[in-house]
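Visitor: Numbering (full-length UniProt numbering), first residue to last: 1 to 603.
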Amino acid sequence: MHRRISFASIFALIAMLICIDYAGLNFTQLLNLRMGDVLLRKIAPSRLADPDIVILDIDQKSLEEMNEVASKWPWPRSIHAEMIEYLAAQHPKAIVFDVMFNEPDTFGTESDTLFRDTVAKYSNIYFAQTQLQDGNSTALKTLPRSVGLIATDKARADARAILMLPSVLDRNSWRGGLINFNANQDGIGRQYLIHSENQGWLIPSLPWRLALDLKWPEVKAAQIRINWQHQRQHISYSDVYLDANREKPLRPKQEFNNKIIIIGTAAPGLQDLRATPLSSTYPGVEVLATAIDNLKNNDWLRDTAKAPYAAIALILCALLLVGFRRGINTLWLAASLIMCTLIAALIMWLGLKQHYFLSLAAPIAWAWVYFWLAALISYLAEKASREHAVAMFSRFLDSRVVGELIASGEIDMNKKAESRELTVLFSDIRGFTTLSESHPPEYIVELLNRYFSMQVAIIFKHGGTLDKFIGDAIMAFWGAPAHDEHHAQHAIAAAIEMSEALVKFKEELKDIGAEFDVGIGIHSGPAVVGFIGSESRLDYTVIGDTVNLASRIEGLTKGVARILVSQASMQQCQSTFEFIDRGTHHVKGREQTVQLFEPQVKA
């Protein structure tokens, strides 16, 4: 009962934490993210990047090869002006600079002027912008239309934001969007901003600005979960620039026709690296390209509502509660939960394949939390029950046997008394009253302790259960708690060895040995066995007519034989022992006579 209450209490606690978690604290969301990271790392290599999105990479090779032409990075902006002219001639859909142009060119105003004038000639060139936390703010309503701000119904006239814009360009050329890539609590970035909302104004991200201008599928969310893919092929900036300046270019004339060209850097030395599910040093330009790819192909990962996951967590915990309360083996419950975990991982995998992020890791984690807490309670309760059972049954059985019986499940402290076929043995000392009167009490107690220790050891040796000491008598039985098909045989074997041990014991007593003797009575039959008594005091004992008859048979041994067994006991082991017929006898309280036999070891 206490264990059932504990299981229910744990469930109530876990259920409360689940509700708090999904109500807004999200302290298990990181589990979903990390599980998603593992699966995305497996899936991403099989997702091919859109071939119409090209990265023109200012890589390490470009930094080295352009050194003679453009000196060290940052290069003169006239270099970029030349590149724009070369690319624009091939009619790309868009040229996107993942490079900031917010400060004057260190190579002089002529380079800046050439760059500014070149950009102004084209309407499909986009520039990176960032929103900062510190710095001088700008009144949003004063920004040119080229920035792409969207005023909602709640837009405030005095709204301001701290923005890093391509200020070296003409204001009408500030076409672009934010490239802010915010990380989750573990420092890993997984979502890309669609727009930043500032006092009713929407500041678009660079991917969304492209989506709006190129009429890609509509996006209603403020951010998207990136559906990572195999890294696209990078083309070195220097390869294109140097080839464009040859007398006879080697590259295809329409290599970039109808392409989206992203000019950025993956060079480690320029430190445009981000922590993503795929790598802790993932090129920022690749993040931008992936976000653009997702919007273009409408295949970013969709999140789903939280409520179903809370329900799944509660249902799993409730099923475990039922399992523990019904006593289902903990290993079976663990195996079932492992199966649920694997199924959840498979469903998450399939969801990612269909562009859905299914947050099943947290419900499974809650189920495991409940399982381990309930398993701990179950273990501690089982341990206490075992210790209690050992303490209880060690009074009646060999302690080694008790451990084996508990392990096999044959001893159950909660089991009700039951009827079984048993063999009961009574052993009583003859002339004990006379012996007590002629010797000091201390001597008698010491004598009894020695005798009982010897005989109980023999009973335990033959698998018997010690019921009780009744004055100078011993009551034992076979067939419970462990089932014993040969209970009569084992009881008679114990009686014969007890008789043999008595002979040696009498020799040790010397002067009083002749006065010391015992009678042993044995009978087999049905009896009720189990814990009997009050709540404060329980004894494992047997009751019934079989017990009474065994006691009466012991009382008939005097003058007949040291050991007498009933016909019921004799018939169960005629092939094991020889029996001497000691006739029929009247037994007090029974109308019918009882035929008794003296067992002996076969010659």
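Each residue gets a CB set at the ideal place from its N, CA and C atoms; glycine is no exception. For clarity, every value in this text was computed on a predicted model and none was experimentally measured.
1) Could you tell me the alpha carbon to alpha carbon distance between S196 and I203, rounded to whole angstroms?
2) Give me the Cβ distance between A491 and G533, rounded to the nearest whole Å; I'm assuming they're in contact under 8 angstroms.
3) Suppose you measure from the CA of M1 to the CA of A493; what does that come to, to the nearest Å?
4) Contact check, R430 vs G519 under 8 angstroms by CB: the rounded distance?
5) K468 and T423 - do their beta-carbons sit closer together than 8 angstroms?
6) In the DSSP output, which residue or residues are listed as bridge partners for Q592?
7) Quick one: residues in its chain with C-beta nearer than 7 angstroms to the C-beta of F107, no 5 flanking neighbours on either side, listed in chain order?
8) Quick one, which of K461, P526, E485 and K510 has its alpha-carbon nearest M498's?
9) Once you ignore the five residues that flank N329 on each side, which residues in its own chain have a CB closer than 7 angstroms to its CB?
10) Locate the beta strand (DSSP E) running through H195, then write down its first and last residues.
11) Have a look at V587 and A527 and give me their C-alpha separation to the nearest angstrom.
12) In the DSSP output, which residue or residues are listed as bridge partners for F426?
13) Please report the residue range of the beta strand (DSSP E) in which D57 lies.
14) Could you tell me whether the region 337-349 touches the region 267-286, where touching means 3 or more Cβ pairs closer than 8 angstroms?
15) Identify whether M357 lies in helix, strand or coil by the three-state DSSP scheme.
16) Among A222, D52, Q595 and W201, which one has its Cα closest to the Cα of L149?
17) Distance, Cα to Cα, L132 vs V96?
18) Three or more C-beta pairs under 8 angstroms: does that hold for the region 30-41 against the region 310-328?
19) Leaving out five residues on either side along the sequence, give the residues of the same chain with a beta carbon under 8 angstroms from the beta carbon of T593.
20) From L169 to L143, what distance separates their C-alpha atoms?
21) Taking 6 angstroms as the limit between beta carbons, can you name the residues of its chain near G187, skipping five residues before and five after?
22) Among the candidates D117, F27, W73 and A49, whose CA atom is the shortest distance from the CA of I84?
23) Of all the alpha helix (DSSP H) runs that stay within the bounds of the region 58-145, which reach a length of 4 or more residues?
24) Rank R562, N32, D517 and A375 by C-alpha distance to the C-alpha of A495 and give the top, closest one.
25) Go through the region 518-581 residue by residue and report every complete run of the alpha helix (DSSP H) that reaches 4 residues or more, in order.
26) Under a Cβ-count criterion, where at least 16 other Cβ atoms within 10 Å of its own Cβ denotes burial, should K259 be classed as buried or exposed?
27) Does the structure place the region 20-27 close enough to the region 302-319 that three or more beta carbon pairs sit under 8 angstroms?
28) Quick check on K504: does DSSP put it in helix, strand or coil?
29) For K220, which three-state DSSP category applies?
30) Report the rounded CA-to-CA distance for S551 versus L380, giving the unit in angstroms.
31) For the alpha helix (DSSP H) containing D213, list its first residue and its last residue.
32) Between which two residues does the beta strand (DSSP E) carrying L169 extend?
33) For the alpha helix (DSSP H) that D243 lies in, which residues bound it at each end?
34) If we ignore side chains and look at the alpha-carbon of each, how far apart do A207 and N257 end up?
35) Using the beta-carbon count (16 or more within 10 Å), is W366 buried or exposed?
Guide: Taking the geometry as given:
1) Cα to Cα, the separation comes out at about 5 angstroms.
2) The C-beta separation of A491 from G533 comes to about 24 angstroms, leaving the pair out of contact by the 8 angstroms criterion.
3) Here M1 scores only 47 on pLDDT, less than 50, and its place in the model should not be relied on; the value that follows carries that caveat. Between the alpha carbons of M1 and A493 lies a gap of roughly 42 angstroms.
4) Their Cβ separation, rounded to whole angstroms, is 6 angstroms, which keeps R430 and G519 in contact under 8 angstroms.
5) With contacts defined by Cβ atoms closer than 8 angstroms, T423 and K468 do not form a contacting pair.
6) Q592 has no beta-bridge partner at all, per DSSP.
7) P76.
8) When only C-alpha atoms are compared, the closest one is K461.
9) Taken in chain order, the list of residues that qualify is empty.
10) Element bounds for H195: H195 to N198.
11) V587 and A527: Cα-Cα distance of roughly 19 angstroms.
12) Looking at the DSSP assignment, F426 forms a beta bridge with M475 and G521.
13) Counting along the chain, the beta strand (DSSP E) containing D57 begins and ends at I53 to D57.
14) Cβ pair count under 8 angstroms is below three, so no.
15) Here residue 357 turns out to be Phe, not Met, going by the sequence shown. DSSP places F357 in strand when its eight states are reduced to three.
16) Among A222, D52, Q595 and W201, the Cα nearest to that of L149 belongs to W201.
17) Cα to Cα, L132 sits roughly 21 angstroms from V96.
18) The region 30-41 and the region 310-328 do not touch, with fewer than 3 CB-CB distances between them shorter than 8 angstroms.
19) Excluding residues within five positions, the ones whose Cβ falls inside 8 angstroms are T584, H585, H586 and V587.
20) Taking the straight line joining both Cα atoms gives about 13 angstroms.
21) Around G187: A275.
22) The residue with the shortest Cα to Cα distance from I84 is D117.
23) Uninterrupted alpha helix (DSSP H) stretches at least 4 residues long and entirely within the region 58-145 occur at 60-65, 67-70, 77-88 and 109-120, given in chain order.
24) Of R562, N32, D517 and A375, the residue nearest in Cα terms is R562.
25) Listed in chain order, the complete alpha helix (DSSP H) runs (minimum 4 residues) inside the region 518-581 are 545-555 and 567-571.
26) With 16 or more Cβ atoms within 10 Å of its Cβ, K259 is classed as buried.
27) Of all C-beta pairs linking the region 302-319 to the region 20-27, three or more are shorter than 8 angstroms, placing the two stretches in contact.
28) DSSP places K504 in helix when its eight states are reduced to three.
29) It is coil, neither helix nor strand.
30) Each residue's Cα considered, the two are about 42 angstroms apart.
31) First-last of the alpha helix (DSSP H) with D213: L206 to D213.
32) Careful: L169 lies outside any beta strand (DSSP E) and carries neither H nor E.
33) It spans Y237 to A244 - the alpha helix (DSSP H) in which D243 sits, taken as one unbroken run.
34) Note that residue 207 corresponds to Pro in the displayed sequence, not to Ala. Roughly 20 angstroms between the two C-alpha positions.
35) Per the 10 Å Cβ criterion, buried.
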